[in-house]
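Read the structure below first, then the notes.
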Amino acid sequence: MQRAKSSPGAAPFQSAINWRKQTKRMVHLEHVNCILGGAQALKDVTLHVERGEFVFLTGPSGAGKTTLLRVLYGDLKPKSGAADVAGVDLMRLRGAQLPELRRKVAVVFQDFKVLPERTVFENIAIALEVRGVSSVSIDKRVRAVIRALDLEERSYARCGELSGGEQQRVAIARSMVVNPELILADEPTGNLDSDLSRHLIELFKQFNTYGTTIIMATHNREVLSWAPEARQVHLVRGVITEAPPSAAGWVLDTKPIIGGRA
Amino acid sequence: MSTTKLFLRGVADMRRFPLPQLCTLLTVCMVALLAGTGLLILHNVQSEVLRTQGQARFQIYWKVGADLTAVEAQWTDLKRAPGIAEVSTFTPRAALSELMRGLAPKNSGGGLAASNGANGTSGASVGEDFAWLEGENPLPATALVSFNIPPDEQPEPWMGRMYARLKGLEGVEQVTYNPTQLTLATGWIALVQKAAWPALGFFALVVGLVVGNTLKLMMLARRDEVEILSLVGARPWFIRAPLFANGVVQGLCGSVLSLFCLKFLQTWLRSVLDVPPLFLKVEFLPLWQSVALVLCTTCVAGLASLIAARK
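Here it is, written out as structure tokens:
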């Protein structure tokens, strides 16, 4: 198990842990190995994340961050080891049990994964509809989260007409509206400019304050600086390293930036 | 969300992907039309065979000099018999007239007329030659009787029983029938019955493969939606139900559309083939076959969409 030390400013995160204290860990990986495309993408990975923690998963491109997140939301099955997420044993996970895991774990992607031909409201409501929530309750909860994410004016706009920042906020709203136990974010700021990225990190921090566990993959050092309280777990070539790397070991985010209205 | 709502959503979502939907609809329509054309040909060939050869025909000869009043009473009874298709009766006099007419040459160039002409007689005089038989007509009263074989009966035993019954009529001397003709007809019917199920199975397979693959292609357009639904914890049925509804609607609309096309084709063929020497009147599919075509296509399309929606 590798854990980075929390900074002195971690009080809000610590209080969140206390507020939502559980006996079981949110993520429990022990000596996990994973093969992807014939290559070993994760090597003997051991990672423990407590409920209410905010964890950055760092490392250069191709380090295995996305693979690790895919394992955590049940998209990839580890070859060996022990893996437990939100009380679900991933090694024994069957197809029929996958929805149960996905209802506890929300995922936010770099490419947003919203339905461009549907409205903001519909995109957010879909997460509640699959859970069989009544339409009255859906209306109430979706409006609340739309208001919280400052998307009210765009409620009935098609997502294809939104800016990148707005689309990412829709994706976050969709993940938050169901009050998940764990949010996995895979480079959520990768396609956004600096201001928007900072705004989104503030949003994640806010949700974390309410007790949601967050694991965010990033290879952008600037993002890390916006949440210094968060624990950092570093991956290099599928292996979790002991300590955060020096600046020399990093590959800065060089992907194109999409501007936004936010 | 209830299943009904999921189905309705699936139907409503069809408008989101108009081009893939249109292409799928046309594909289903064309496959169903192909199958419908096969059924149309099969149905018309069978109807033609049944009309011309599918009946049991008996030629009944009464004894020469039999009481004509009694014979005519039997003819009346025969015409009322169950399963009767056609009765042609000939009194001895009518039979002789038929014989005279059959022997008379149609024109002077005929062979018989030519040979008679060589003997100094004309074609018309041949008929007159038989006129002297009027008083001592050697021909018996006859009847040509056609029956529709009851569908629940085996043809040969039924014909044997009918033969015995006709032979047992009072005054009947001889009954003849042609079993070869019946064998040909029953053979064709058996062939059709044996071929119908494999043909229907083949059709279902083809529809399933074509519709399934087309729907799979259509789902490429919806793969993001399926992926997102899966990511937010949708159960398999929640994802599949709208796609199933989509497949069912495609199957229903495509097959109904194919029936309209088939009707158009049949109307065109009717006027084209109903000319000498064919005189084929192409009829449209009977109602049950039309309904079966629609139901079969719809069911197979629904099933194919379910299979295609599997991960």
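Chains as they are written, first to last, in numbering that gives the first Met the number 0: chain A, 0 to 261; chain B, 0 to 310. By construction, the Cβ of each residue, glycine as well, lies at the ideal position given by its N, Cα and C atoms.
Under 8 Å Cβ-Cβ, which residues of chain B neighbour residue i?
| i | result |
| --- | --- |
| Arg263 of chain A | There is simply no residue 263 of chain A to check, as chain A begins at 0 and stops at 261 in what is shown. |
| Arg173 of chain A | Val231 |
Check the Cβ of residue i against every Cβ in chain B and list those closer than 7 Å, keeping chain order.
| i | result |
| --- | --- |
| Glu186 of chain A | Under the 7 Å cutoff, chain B gives no residues; its nearest Cβ is about 16 Å from Glu186 of chain A. |
| Val106 of chain A | Leu230 |
Quick check on residue i: buried or exposed, where buried means 16 or more other Cβ atoms within 10 Å of its Cβ?
| i | result |
| --- | --- |
| His30 of chain A | exposed |
| Asn207 of chain A | buried |
| Ser134 of chain A | exposed |
| Met90 of chain A | exposed |
| Lys262 of chain A | Given a span of 0 to 261 for chain A in the structure shown, any question on residue 262 of chain A remains unanswerable. |
| Gly246 of chain B | buried |
| Ser174 of chain A | buried |
| Val290 of chain B | exposed |
| Pro115 of chain A | exposed |
| Ala72 of chain B | exposed |
| Phe202 of chain B | buried |
| Asn178 of chain A | exposed |
| Val70 of chain B | buried |
| Gly8 of chain A | Legend: pLDDT at Gly8 of chain A = 39, less than 50; position of this residue unreliable, no value from coordinates given. |
| Val176 of chain A | buried |
| Ser136 of chain A | exposed |
| Leu302 of chain B | buried |
| Leu21 of chain B | exposed |
| Ala239 of chain B | The sequence shown places Arg at residue 239 of chain B, not Ala. Buried: at least 16 other Cβ atoms inside 10 Å. |
| Arg234 of chain B | buried |
So with CB distances below 9 Å, who are the chain B contacts of residue i?
| i | result |
| --- | --- |
| Leu89 of chain A | Result: empty, since nearest Cβ-Cβ is about 15 Å, beyond 9 Å. |
| Arg102 of chain A | Val231, Gly232 |
With a Cβ-Cβ cutoff of 8 Å, do residue i and residue j count as a contact?
| i | j | result |
| --- | --- | --- |
| His218 of chain A | Ser79 of chain A | no |
| Leu234 of chain A | Ala81 of chain A | no |
| Leu181 of chain A | Val54 of chain A | no |
| Gln231 of chain A | Thr45 of chain A | no |
| Pro149 of chain B | Tyr60 of chain B | no |
| Arg101 of chain A | Gly131 of chain A | no |
| Ile306 of chain B | Gly159 of chain B | no |
| Leu284 of chain B | Leu32 of chain B | no |
| Gln249 of chain B | Val27 of chain B | yes |
| Asp185 of chain A | Ala216 of chain A | yes |
| Gly186 of chain B | Lys62 of chain B | no |
| Gln166 of chain A | Val113 of chain A | yes |
| Ser145 of chain B | Ala198 of chain B | no |
Show which residues of chain A have a CB atom less than 8 Å away from the CB atom of residue i.
| i | result |
| --- | --- |
| Ile227 of chain B | Lys112, Val113, Leu114, Ile125 |
| Asp151 of chain B | Here the premise fails: no neighbours, minimum Cβ distance about 50 Å. |
| Asp223 of chain B | Lys112, Leu114 |
Against residue i, what residues of chain A qualify as contacts under a CB-to-CB distance less than 7 Å, listed in chain order?
| i | result |
| --- | --- |
| Ala233 of chain B | Pro98, Val129 |
| Arg15 of chain B | Glu116 |
| Phe237 of chain B | Val129 |
Run through the stretch 1-50 of chain B for me and flag every whole alpha helix (DSSP H) of 4 or more residues, listed as ranges in chain order. Within the stretch 1-50 of chain B, the complete alpha helix (DSSP H) runs of at least 4 residues are 2-12.
Between the stretch 93-112 of chain A and the stretch 0-20 of chain B, do three or more beta carbon pairs fall short of 8 Å? They do not touch, by the three-pair rule.
Let me know the beta strand (DSSP E) ranges lying completely inside the stretch 38-117 of chain A, each 3 residues or longer, listed in chain order. Taking only runs of at least 3 residues, the beta strand (DSSP E) segments lying wholly in the stretch 38-117 of chain A are 38-48, 53-57, 79-84, 104-108.
With a threshold of 8 Å, are at least 3 pairs of Cβ atoms found where one atom belongs to the stretch 203-216 of chain B and the other to the stretch 294-307 of chain B? At 8 Å Cβ cutoff, the stretches touch.
Quick test of the definition: if touching needs 3 or more C-beta pairs under 8 Å, does the stretch 262-276 of chain B touch the stretch 213-222 of chain B? Contact fails: fewer than three Cβ-Cβ distances are below 8 Å.
Any contact between the stretch 209-223 of chain A and the stretch 37-44 of chain A? By contact I mean 3 or more CB pairs, one from each, below 8 Å. Not touching, per the Cβ criterion.
Ranges of the alpha helix (DSSP H) found wholly within the stretch 156-218 of chain A, counting only runs of at least 4: Uninterrupted alpha helix (DSSP H) stretches at least 4 residues long and entirely within the stretch 156-218 of chain A occur at 163-175, 193-208, given in chain order.
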